[in-house]
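Trainee: First, the structure itself, so that you have it in front of you.
In our numbering, the protein residues as written are 82 to 223.
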């Protein structure tokens, strides 16, 4: 796990899965948009007896900031001392969300490197080089 001053740090996909599996209080917040959840897919944590928490960091369409993000985290029942793993498409929005959560008093907000779809390949397409899906972690399409 890599450390960062503004949030708890970055974790690899395998580290994230281990934390979700081994820490019964850990949670996964998917900060992508509803369009991404519906059309690209979502992590599936059923095999470890957990559900993902979907709270957009940016609102689609328009990519406007979700001014209710922190309230929605509190409404989801997440406690300041819980391990929070944040996932977006490629690991960018989740960093911003981790910083905001840390600023809001959550001490264990981690960014998941590579995100759900990873970086673009030589053909400018995601979902081939890295990310949750390519790593064969469980996921489902709505």
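Cβ coordinates follow ideal geometry from the N, Cα and C atoms, glycine included.
Is residue 145 near residue 181, with beta carbons less than 8 Å apart?
Mentor: The residue you call residue 145 lines up with position 64 of the chain shown. The residue you call residue 181 lines up with position 100 of the chain shown. In this structure, residue 181 does not lie closer than 8 Å to residue 145 by Cβ.
Trainee: In the structure shown, what three-state DSSP assignment does residue 191 receive?
Mentor: Taking the first residue of the chain shown as position 1, residue 191 is located at position 110. Reduced to three states, the DSSP call for residue 191 is strand.
Trainee: With which residues is residue 120 paired in a DSSP beta bridge?
Mentor: If you number the chain shown from 1, residue 120 lands on position 39. Answer by DSSP bridge pairing: none, since residue 120 is not bridged.
Trainee: Whole-angstrom Cβ separation of residue 199 and residue 215, contact assumed at under 8 Å?
Mentor: The sequence position of residue 199 within the chain shown is 118, counting from 1. The sequence position of residue 215 within the chain shown is 134, counting from 1. About 6 Å; that satisfies the 8 Å criterion.
Trainee: What number of angstroms, rounded off, separates the C-alpha of residue 136 from the C-alpha of residue 166?
Mentor: For this step, residue 136 is matched to residue 55 along the chain shown. For this step, residue 166 is matched to residue 85 along the chain shown. Going from the Cα of residue 136 to the Cα of residue 166 covers about 12 Å.
Trainee: Given residue 129, which residues of its chain have a CB within under 8 Å of its CB, disregarding the five upstream and five downstream residues?
Mentor: In the chain shown, the residue the question calls residue 129 occupies position 48. Within the same chain, residue 129 has close Cβ partners 101, 102.
Trainee: Residue 108 lies in the beta strand (DSSP E); which residues open and close that run?
Mentor: Against the chain shown, residue 108 aligns to sequence position 27. Where residue 108 is concerned, the enclosing beta strand (DSSP E) stretches over 108–111.
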